[in-house]
Structures are given as structure tokens and as C-alpha cells.
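Number of protein chains: 2
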Amino acid sequence: MREITSEEFQNWEHRYRTCFINSLGGFKALCLVGTVNENGHTNLAPFNSLIHIGAHPALMGLLFRPDSVERHTLTNIRNSKVYSINLVPNHIMAQAHQCAARYDVHTSEFTANQLEPEYLNGFKAPFVKASKIKWSMVFESETEIPINGTSLVIGRVQTIYLPENSIHADGFVNLQDAETLCVSGLDAYHLCHPPVRFAYAKPHSVAQHIL
Amino acid sequence: MREITSEEFQNWEHRYRTCFINSLGGFKALCLVGTVNENGHTNLAPFNSLIHIGAHPALMGLLFRPDSVERHTLTNIRNSKVYSINLVPNHIMAQAHQCAARYDVHTSEFTANQLEPEYLNGFKAPFVKASKIKWSMVFESETEIPINGTSLVIGRVQTIYLPENSIHADGFVNLQDAETLCVSGLDAYHLCHPPVRFAYAKPHSVAQHIL
Numbered sequence: 000m001r002e003i004t005s006e007e008f009q010n011w012e013h014r015y016r017t018c019f020i021n022s023l024g025g026f027k028a029l030c031l032v033g034t035v036n037e038n039g040h041t042n043l044a045p046f047n048s049l050i051h052i053g054a055h056p057a058l059m060g061l062l063f064r065p066d067s068v069e070r071h072t073l074t075n076i077r078n079s080k081v082y083s084i085n086l087v088p089n090h091i092m093a094q095a096h097q098c099a100a101r102y103d104v105h106t107s108e109f110t111a112n113q114l115e116p117e118y119l120n121g122f123k124a125p126f127v128k129a130s131k132i133k134w135s136m137v138f139e140s141e142t143e144i145p146i147n148g149t150s151l152v153i154g155r156v157q158t159i160y161l162p163e164n165s166i167h168a169d170g171f172v173n174l175q176d177a178e179t180l181c182v183s184g185l186d187a188y189h190l191c192h193p194p195v196r197f198a199y200a201k202p203h204s205v206a207q208h209i210l
Numbered sequence: 000m001r002e003i004t005s006e007e008f009q010n011w012e013h014r015y016r017t018c019f020i021n022s023l024g025g026f027k028a029l030c031l032v033g034t035v036n037e038n039g040h041t042n043l044a045p046f047n048s049l050i051h052i053g054a055h056p057a058l059m060g061l062l063f064r065p066d067s068v069e070r071h072t073l074t075n076i077r078n079s080k081v082y083s084i085n086l087v088p089n090h091i092m093a094q095a096h097q098c099a100a101r102y103d104v105h106t107s108e109f110t111a112n113q114l115e116p117e118y119l120n121g122f123k124a125p126f127v128k129a130s131k132i133k134w135s136m137v138f139e140s141e142t143e144i145p146i147n148g149t150s151l152v153i154g155r156v157q158t159i160y161l162p163e164n165s166i167h168a169d170g171f172v173n174l175q176d177a178e179t180l181c182v183s184g185l186d187a188y189h190l191c192h193p194p195v196r197f198a199y200a201k202p203h204s205v206a207q208h209i210l
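Sequences listed follow chains A and V, in order.
Under numbering that gives the first Met the number 0, think of the first position of the first sequence as 0, with each following residue one higher.
Under numbering that gives the first Met the number 0, think of the first position of the second sequence as 0, with each following residue one higher.
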């Protein structure tokens with residue numbers, strides 16, 4: 000067992016520390032966020048900060064970093080109020096990663112990375128055609144996190160597109176079955192094993208398998 | 000491809016909808032949060048809302064729901080300012096799930112679920128001995144999310160404990176190697192396959208494998 004104090008990791012080289020702390024915090028959802036600017040230029044960016052906010056209403060958040068990187072996605076969401084969230088299946092892993100490159104605003108990540116955009120039901124933001132589980136979002140709120148200047152952008156889930164057979168009888172969506180990836184750290188992608196599920200936990204009992 | 004509009008899912012049965020929306024939003028980290036109250040009673044609760052906030056300083060967040068469930072963990076963090084985060088290895092999956100049961104304040108989830116607490120370096124909050132990757136946290140801030148009354152609690156990473164061989168040369172922590180679980184929905188646990196890693200993405204290139 001290695002023990003690492005804050006005094007120790009504060010002195011680590013910047014990139015090493017970024018990599019370490021980012022990967023320490025557990026597995027995360029991987030999604031591609033599709034947006035469009037006022038001139039109709041599309042943008043597609045990978046995120047590992049998708050967070051469930053609530054189901055009633057159906058809300059999800061994305062955390063945006065405060066640093067100087069051009070944040071086309073955030074600008075587009077602020078202006079157009081709409082975006083798509085596309086979970087990433089295994090077969091487009093490399094292309095999804097490559098969408099993180101700093102293309103200029105005139106270069107669409109869709110074109111640069113051979114990902115076909117898809118427009119569904121007149122929604123303004125593009126979806127990723129290769130994504131099997133995706134949904135449209137409408138901007139609801141932006142909350143600044145004062146301690147480090149990050150922004151938590153919350154949107155409301157609109158229309159969801161997914162394979163019929165990925166929905167179980169109780170509403171559970173089997174992401175693993177659709178070869179959906181998760182991510183650890185900044186650049187590590189994982190397929191998942193099938194889920195093991197348990198019934199709602201009650202005191203003074205043991206966990207009961209339901210799957 | 001099934002299409003589900005917000006008009007449709009708004010009318011779904013409450014629990015079905017909760018299950019669906021929670022599992023739709025991708026894979027999440029699974030952790031057990033260890034706290035202690037002012038009388039020395041320990042508490043241990045599973046969370047699927049751990050979120051990376053930043054690496055400089057090293058900050059992580061947990062989202063707490065606004066509903067009427069007793070929130071021992073939040074109360075203890077507010078009062079004591081300290082907590083432990085313990086990633087969950089596969090062999091304690093069922094016990095971790097069972098820690099979600101609504102035990103009264105006098106029943107420790109450690110005792111009820113045969114999880115041995117561990118005290119490290121005089122830190123006041125208990126760790127989970129069986130967890131291989133864990134760290135101490137000091138409370139930094141609490142931000143209310145106005146749209147649904149959830150609270151984002153942010154803490155600063157203090158001391159980290161993990162297997163020496165899980166740290167790669169560039170600082171990456173291999174969670175999969177330690178059989179760390181991720182979670183989807185409210186009750187589905189997954190082991191992960193080994194990571195596939197790519198180099199920092201540059202425009203007009205293709206993704207380069209580094210693992």
C-alpha cells in the first residue's frame with residue numbers, strides 16, 4: 000500500500016498530477032456533446048463529466064473547466080440553448096478521443112474524424128449517427144463553482160433514442176449490452192462486463208440478486 | 000431504434016422513470032463514503048455521484064439529493080468536515096450495495112455489513128479496510144443547485160492510499176487492475192475490461208495508442 004500525502008502530490012510535475020488525480024476518481028461516463036453555432040458550424044466534443052442531477056424533472060449536468068482552452072461547446076450551448084448527448088460505443092473509440100483535439104471553429108469534428116452527423120425530428124443540434132444511445136438536451140441553468148471557477152451546466156432531457164431491447168422490464172437501460180464505453184482519467188477507455196444487479200436494500204438483510 | 004419523447008416519459012410510473020433516467024446517463028464511479036458523527040457513531044454509504052472537480056487544487060464533488068431520506072453522510076460531513084472516499088473492489092459488491100439500506104443512526108453500516116473500518120494516520124473518519132484505493136477528504140464548500148434542490152459538496156483530497164503497482168509511469172491510476180467496480184443506474188455493478196489509452200489528441204491526426 001502506497002501512501003501519498005497532499006504535501007507530496009502538490010509538488011508533483013503538473014501533467015503527472017493532472018493524470019493521477021483525474022484517474023483516481025473512478026470510472027466515468029464517456030459522451031460526445033454535439034452543438035451548432037450561430038453560423039451553422041457544428042461542433043463535437045468528448046466529455047467525461049456527465050452527471051445525473053435528477054429524474055423528476057429529468058436533468059443532467061456537464062462540468063466545464065475554467066482554463067483558457069477554447070470552449071466552443073459551452074459557447075454554443077449558451078447561445079443556442081440546445082445540445083445532444085451521445086454515448087460512445089466501442090467501435091468509434093479512437094474517433095471520439097480524437098474529437099478532443101483543438102480544431103479551429105471552422106473545422107467540424109464530425110468531418111475531421113469521419114463521424115456522420117444526424118439530425119432528428121428537427122432538433123437544431125447534431126447527433127452522432129454511430130451512437131446507439133443518445134438524447135437531446137435543452138439548457139436550463141449554469142452554476143459557477145466558486146472554489147475553482149468551473150461551471151456546472153444543467154440541461155433538461157428531451158427526446159431519447161436507444162435500442163428497444165436495451166430497456167429492461169423495470170426501466171433499467173443496459174448500457175453494456177450496447178458496447179457503451181466508460182472512461183477513466185483523461186484518455187483511458189474501458190468496455191464493461193455485464194451488470195450484476197441487486198434489489199432495493201433493506202436494513203438487517205443481505206443483498207438480493209435481481210440480475 | 001426506439002424514440003421516447005419527454006411527453007412520453009413524464010407520464011411513466013415514478014419508479015420506472017427513476018430507474019430509466021438514472022441508468023441512461025452512463026457509467027459512474029462507485030464509492031463508499033465513510034463519516035463519523037459527534038458521538039463517534041460511524042456511517043458508511045454508497046454513492047454514484049462522485050465527480051472530478053479539479054486537479055490543481057485536487058477537488059472532488061458529491062451530489063446529495065434533496066429528498067426526505069435521512070442524510071447521515073451529509074450531516075456528518077457538515078459537522079465534522081472530514082470524510083473518506085473508498086473505491087469498491089468486486090469482492091465487496093453485495094456489502095457495498097447493502098450499505099444503502101436505511102439503518103438508524105445507532106447502527107453502523109460497517110458492523111451491519113461485516114465491513115471492517117480502518118483508521119489511518121489519525122484521520123477522524125473511518126476508511127473501509129477492504130478498499131484498495133481510498134483517500135481522505137476535507138470539506139471545502141457546498142453549493143445548492145437551485146433547479147432541484149440538490150447539493151454539490153466539494154472536498155479537497157488529502158492523503159491517498161493505493162497499491163504502488165496501480166500507478167503507471169505518467170501518473171495514470173489503473174482502477175481496473177484493482178478490480179474496481181463501476182455502477183450504472185441505481186443498482187447495477189460492472190467490472191471493467193483493461194483500459195485502452197491514447198496520446199493527447201492533436202488536430203489533423205489520428206488517435207495514437209499508448210496502452
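Note that CB positions come from ideal geometry on N, CA and C, so glycine has one too.
Would R16 (chain V) pass as an interface residue toward chain A - the criterion being a Cβ-Cβ separation below 9 Å?
To locate residue 16 (chain V), count along the second sequence from 1; it is residue 17. True, the Cβ-Cβ gap to chain A drops below 9 Å.
Identify every run of the beta strand (DSSP E) within the stretch 168-208 of chain A, keeping only runs that are complete inside it and at least 3 residues long; order them along the chain.
181-183 and 187-189
Could I get the ranges of all uninterrupted beta strand (DSSP E) runs contained in the stretch 42-128 of chain A, with 3 residues as the minimum, in chain order?
50-54, 57-63 and 81-86
Which chain V residues sit within Cβ distance under 8 Å of S5 (chain A)?
Here residue 5 (chain A) is taken as the residue at index 6 of the first sequence, counted from 1. Ordered by position in chain V, the residues that pass the 8 Å Cβ test against S5 (chain A) are A57, R155, V156, Q157 and T158.
So what does S150 (chain A) bridge to, in DSSP terms?
Taking the first sequence and counting its residues from 1, the one referred to as residue 150 (chain A) is at position 151. Looking at the DSSP assignment, S150 (chain A) forms a beta bridge with A:F63 and A:E143.
Assigned secondary structure, Q9 (chain A) (DSSP; H/G/I helix, E/B strand, else coil):
As a position in the first sequence, residue 9 (chain A) is number 10, starting the count at 1. In the structure shown, Q9 (chain A) sits in a helix (DSSP, three-state: H, G or I).
Look up S22 (chain V) in the DSSP assignment and say whether it is helix, strand or coil.
Indexing the second sequence from 1 puts residue 22 (chain V) at position 23. Three-state result, S22 (chain V): helix.
Assigned exposure category for R1 (chain V) - 16 Cβ within 10 Å defines buried
For the purposes of this step, residue 1 (chain V) is identified with residue 2 of the second sequence, where counting begins at 1. With fewer than 16 other Cβ atoms within 10 Å, it is exposed.
Backbone CA spacing between V32 (chain A) and A111 (chain A) [nearest angstrom]:
Locating residue 32 (chain A) in the first sequence gives position 33, counting from the first residue. Locating residue 111 (chain A) in the first sequence gives position 112, counting from the first residue. Using only the alpha carbons, I get a separation of about 15 Å.
Identity of the residue in A:H71, A:I52 and A:F19 nearest I43 (chain A) by Cα:
Counted from its first residue, the first sequence places residue 43 (chain A) at position 44. Reading off the sequence shown, one finds Leu at residue 43 (chain A), where the question assumed Ile. When only C-alpha atoms are compared, the closest one is A:H71.
Using a Cβ-Cβ cut-off of less than 8 Å, give me the residues of the stretch 196-208 of chain A that come near chain V, in sequence order.
R196, F197, A198, Y199, A200, K201, P202, H203, S204, V205 and A206
What residues of chain V sit near A54 (chain A), judged by a beta carbon separation below 7 Å?
As a working note, residue 54 (chain A) is residue 55 in the first sequence. Here the neighbours are R16, T17, I20 and N21.
Assuming P194 (chain V) and Q207 (chain V) make a contact with CB atoms under 8 Å, what is their CB distance in whole Å?
Here the question's residue 194 (chain V) lines up with position 195 in the second sequence. Here the question's residue 207 (chain V) lines up with position 208 in the second sequence. Not confirmed; about 15 Å, so no contact.
What is the rounded straight-line gap between the Cα of R14 (chain V) and the Cα of N36 (chain A)?
Position 15 of the second sequence, counted from the first residue, corresponds to residue 14 (chain V). Position 37 of the first sequence, counted from the first residue, corresponds to residue 36 (chain A). Looking at the two C-alpha atoms, the distance is approximately 37 Å.
Could you tell me which of V:I209, V:L185, V:K133 and V:F197 sits nearest to Q97 (chain V), measuring between CA atoms?
As a position in the second sequence, residue 97 (chain V) is number 98, starting the count at 1. Of V:I209, V:L185, V:K133 and V:F197, the residue nearest in Cα terms is V:L185.
Can you tell me the Cβ-Cβ gap for V87 (chain V) and A95 (chain V), rounded? I've got them flagged as a contact below 8 Å.
One-based indexing of the second sequence puts residue 87 (chain V) at position 88. One-based indexing of the second sequence puts residue 95 (chain V) at position 96. Contact flag correct, Cβ pair sits at about 5 Å.
N-terminal and C-terminal residue of the beta strand (DSSP E) that E37 (chain A) is part of:
To locate residue 37 (chain A), count along the first sequence from 1; it is residue 38. Careful: E37 (chain A) lies outside any beta strand (DSSP E) and carries neither H nor E.
Of all the options V:I144, V:S107 and V:E143, which has the alpha carbon lying nearest to the alpha carbon of F126 (chain V)?
Position 127 of the second sequence holds residue 126 (chain V). For the residues V:I144, V:S107 and V:E143, the minimum Cα distance to F126 (chain V) belongs to V:S107.
Is the CB-CB distance between S130 (chain V) and V156 (chain A) below 9 Å?
Position 131 of the second sequence, counting from 1, holds the residue named residue 130 (chain V). Position 157 of the first sequence, counting from 1, holds the residue named residue 156 (chain A). No, the Cβ-Cβ distance between S130 (chain V) and V156 (chain A) is not below 9 Å.
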